[in-house]
Structures are given as structure tokens and as C-alpha cells.
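**Q** Heads up, the UniProt record's numbering is the position in the sequence shown plus 451, with the first residue counted as 1.
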Amino acid sequence: AKTQGRGILRFFSPEMGLRAKHRLTLEAELRQALERSELHVYYQPQVDLISGEIIGLEALVRWQHPERGLVPPGEFIPLAEESGLVVPLGDWVLRETCRQIKQWTESGLAPRQTAVNISAVQLSRGHLVESIKEVLAETGIAPQQLELEITESFVIVDRDQSFKALAELKALGIRLSIDDFGTGYSSLGYLQQLEVDKLKVDISFVRNMTTNMGSASIVKAVIALGHSLGLEVIAEGVEDAGQARYLRSLRCDVMQGYLISRPMPAEETTRFLASFQPT
Ligand code: C2E
Ligand code: CA
Ligand code: CA
Ligand code: CA
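1. Compare the Cα-Cα distances from Q707 to each of A471, P496, K472, L477 and report the closest residue.
2. Expressed to the nearest angstrom, what Euclidean distance is found between the alpha-carbon atoms of A588 and R626?
3. Using only the heavy atoms of ligand 1, determine whether one of them is closer than 8 Å to the beta carbon of S570.
4. Determine the direct distance from the alpha carbon of A667 to that of N659, and round the result to whole angstroms.
5. So, is residue 735 buried or exposed, given that buried needs 16 or more other C-beta atoms within 10 angstroms?
6. Please confirm whether any heavy atom of ligand 3 lies closer than 8 Å to the CB of K651.
7. For a minimum of 4 consecutive residues, which ranges assigned as the alpha helix (DSSP H) are wholly contained in the region 607-693?
8. So is the beta-carbon of D648 under 8 Å away from any non-hydrogen atom of ligand 3?
9. Taking Cβ to Cβ, would you say H516 is nearer than 9 Å to E557?
10. A692: buried (16+ other C-beta within 10 angstroms of its C-beta) or exposed?
11. Going by C-alpha distance, which of L645, E683, T720 is nearest D499?
12. Could you check how far apart the C-beta atoms of Y697 and T730 are, in whole angstroms? I think they sit under 8 Å.
13. Extract the residue ranges of the alpha helix (DSSP H) inside the region 514-584, only unbroken runs of 4 or more that lie entirely within it.
14. In the DSSP assignment, find the beta strand (DSSP E) that holds T602 and state where it starts and stops.
15. Please classify I501 as buried or exposed, where buried requires at least 16 neighbouring CB atoms within 10 angstroms.
16. Below 9 Å between beta carbons: does that hold for A717 and Y494?
17. How many Å lie between E504 and T720 at the Cα?
18. In the region 484-514, which residue ranges form an unbroken alpha helix (DSSP H) of at least 4 residues, counting only runs that do not cross its ends?
19. Using the Cβ count rule (16 or more neighbours within 10 Å means buried), how would you classify S613?
20. So which of W555, L701, S575 has the shortest CA-CA distance to G535?
Here it is, written out as C-alpha cells:
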């Protein structure tokens, strides 16, 4: 069987059976997680590279499983996308985040905007526009306070439906950010067709840019492209001061990463926002 290649071996291995079972269990448990309040939203600050101020936050979902502990989103979001669960899950994250934005606005702590990750599945077959209108009406926050982070995969999943939804959301005043920019397969034409506000340089390029010339070139190219289109450019995964300095020298606008803070629960984010001093 070895000559058949690793993929086939893997397909029939008992380990695979276990993994398939694990998946099914995890999926069933994820269904219950929403009702049992096991999901939480964490927030990670985004800092302006010139003023040093917090200008945004990114909302990142966390699953606190009663036995497994913290399950990383990289493990359950793909499952949620395949099963369609990402639609109710995404609605929940949106509502939770907007309620939190409202609280921070009332206490004078809200940054310019807070970003929520939106799956291509939500865009193509959800009722995302309706959900967002509802949540905006319910919380009374300004549409400009909400930013959606989408990856280039939306172009592949259902281009027409996704473009329509995104155009409607833009018309409402919602901000739009392209996540993991440069890692997708799509052409760049959509940048002109959609009113994108922000490009997010992928973490993999940022991680290597100070040691690898290829990564540095890509970071420079994304910044140049973004600026020539009038877009804001943010680098994610910034972990040390050297990276921040380098990004500043390239005129990148915003950074996000462990250098500023790891993603934090809401209460901790409130304290962080209240006590943060630009350096
Ligand atoms: P992403 O949107 O690209 O998020 C960035 C990831 O990098 C986050 O991982 C964040 O915690 C991590 N990160 C931030 N700063 C640093 C850093 O300085 N160094 C390193 N090594 N990592 C850093 P996380 O929270 O585990 O999320 C993983 C992915 O899961 C996200 O990637 C996003 O694609 C997805 N995700 C998270 N929350 C949601 C959600 O509410 N909805 C959807 N659809 N997807 C989500
Ligand atoms: Ca993101
Ligand atoms: Ca990203
Ligand atoms: Ca990513």
C-alpha cells in the first residue's frame, strides 16, 4: 500500500477512523456550545504606528470546552464552516461584539472600530445583511464602528451573492478589511469592485520579513498597493519591537500582535483600553 502514496494510506488508517469520530463528536458538541454559553469573544488591540493610539480591536472567538479546555478556533471554525454551523455561530459573535461595542461607547472607551471575522460561508448563504441590520438597530452603534474581516476565499465560494451582500453592507456604512491578504488565489480586480477600506498583511509575511527578503518584498508590495488604492494597511502578528520599527519605516499604518497584547476577554480589554498609554 505504501506505493499508493500517503494520502491513500492515511484514508484507510485506523487513526483516520478515530479522527473522523473525533470530528463528529466535536461537531455535536459545538452545536451545544452556543446554548451552553461555552463560547466567548476575545479582543486584540490594533495600534496606529504613528500616533501609538489604539484605533481598533479584532474580535476572536474562543471555545471553553468543559472537558477539553480551550479549543482553538483553527480547530472548530473549519468544522463549523463545513456543517453550516458557522452561520448561527457567526451571528452570535456579531451580536456579542456589537453589544460590547455599545458598552465601550457608553463608557467612552470604544476605539474607532472593532473588526469581526466573517466566513465566506456566511457571506454566500447566510442572511448576513439582515443579521447586521438587526444588530445595529438593537444596539444603536454606528455602522462605522463595525469592520468585517473577510478572506479572499469569498471570491471562490459564491462570487455574485457575496459581492451583492458586501455592496449592501458597504452602503450601510460598515467597514471592510481583507484578511490574510496575499495568501489567497484570487485576482486583484475585486479590490476595485468592492469598496475595501483596509488590507491585512498576513502573519506569515510579517513573521519572516526581517530575515527573509522575499517576505520583505511582499510586505512592501502590499503596503504600496494598499496606499496607491487609498487603503489603510495593517500588519498582524507583530511580536517584537524590531518588526514594529521596520513596519514604521515602510509607512505601514497599523499593527496588531503580541507586542501590544494577546487577545483578551472583554473585561480585561476594558481595563486595557482604560489604562493604555501610547508610547
Ligand atoms: P485570523 O483572523 O488570521 O486571526 C489571527 C490569528 O493570529 C489569531 O488566532 C490571533 O490570536 C493570532 N495572533 C495575533 N497576534 C499574534 C502574534 O503576534 N503572533 C502569533 N503567532 N499569533 C498571533 P486565533 O484567535 O487562534 O484565530 C485563528 C483563526 O480562526 C483566525 O485567523 C480566523 O480565521 C478564525 N477565527 C477566529 N475567530 C473567528 C470568528 O469569530 N469567526 C470566524 N469565521 N473565524 C474566526
Ligand atoms: Ca482576522
Ligand atoms: Ca489574518
Ligand atoms: Ca489566518
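Heads up, the beta-carbon is just placed ideally off N, CA and C, and yes, glycines get one too.
**A** So, to answer that:
1. Counting from one through the sequence shown, the residue named residue 707 turns up at place 256. The shortest C-alpha separation from Q707 is found at P496.
2. As a first step, residue 588 is located in the sequence shown; it is residue number 137 there, counting from the start. As a first step, residue 626 is located in the sequence shown; it is residue number 175 there, counting from the start. Taking the straight line from one Cα to the other gives about 17 Å.
3. As a position in the sequence shown, residue 570 is number 119, starting the count at 1. At least one heavy atom of ligand 1 is nearer than 8 Å to the Cβ of S570, so yes.
4. Working through the sequence shown from its first residue, we reach residue 659 at position 208. Working through the sequence shown from its first residue, we reach residue 667 at position 216. Each residue's Cα considered, the two are about 7 Å apart.
5. The displayed coordinates of the chain run from 452 to 730. Any statement about residue 735 would go beyond what the structure contains.
6. Taking the first residue of the sequence shown as position 1, residue 651 is located at position 200. Result yes, Cβ under 8 Å from ligand 3.
7. 610-623, 641-644, 654-659, 664-679
8. As a first step, residue 648 must be located in the sequence shown, where it is residue number 197. No; taking the cut-off as 8 Å, the Cβ of D648 has no heavy atom of ligand 3 nearer than that.
9. Here residue 516 refers to the residue found at position 65 of the sequence shown. Here residue 557 refers to the residue found at position 106 of the sequence shown. Not in contact: H516 and E557 (Cβ atoms no closer than 9 Å).
10. On the sequence shown, position 241 is the one that residue 692 refers to. In the assembly as shown, A692 is an exposed residue. Its beta-carbon has fewer than 16 other beta-carbons within 10 Å.
11. As a working mapping, residue 499 is identified with position 48 in the sequence shown. Closest option to D499, Cα to Cα, is E683.
12. As a position in the sequence shown, residue 697 is number 246, starting the count at 1. As a position in the sequence shown, residue 730 is number 279, starting the count at 1. The pair is not a contact, with the Cβ atoms about 17 Å apart (cut-off 8 Å).
13. 524-534, 537-557, 571-576
14. Along the sequence shown, read from residue 1 onward, the residue named residue 602 stands at position 151. Start and end: 597-602.
15. If you number the sequence shown from 1, residue 501 lands on position 50. Per the 10 Å Cβ criterion, exposed.
16. Here residue 717 refers to the residue found at position 266 of the sequence shown. Here residue 494 refers to the residue found at position 43 of the sequence shown. Going by C-beta atoms, A717 is nearer than 9 Å to Y494.
17. The residue given as residue 504 occupies position 53 in the sequence shown. The residue given as residue 720 occupies position 269 in the sequence shown. Roughly 15 Å between the two C-alpha positions.
18. none
19. Position 162 of the sequence shown holds residue 613. Counting Cβ neighbours within 10 Å, S613 comes out buried, since at least 16 surround it.
20. For the purposes of this step, residue 535 is identified with residue 84 of the sequence shown, where counting begins at 1. Ranking the options by Cα distance to G535, first place goes to S575.
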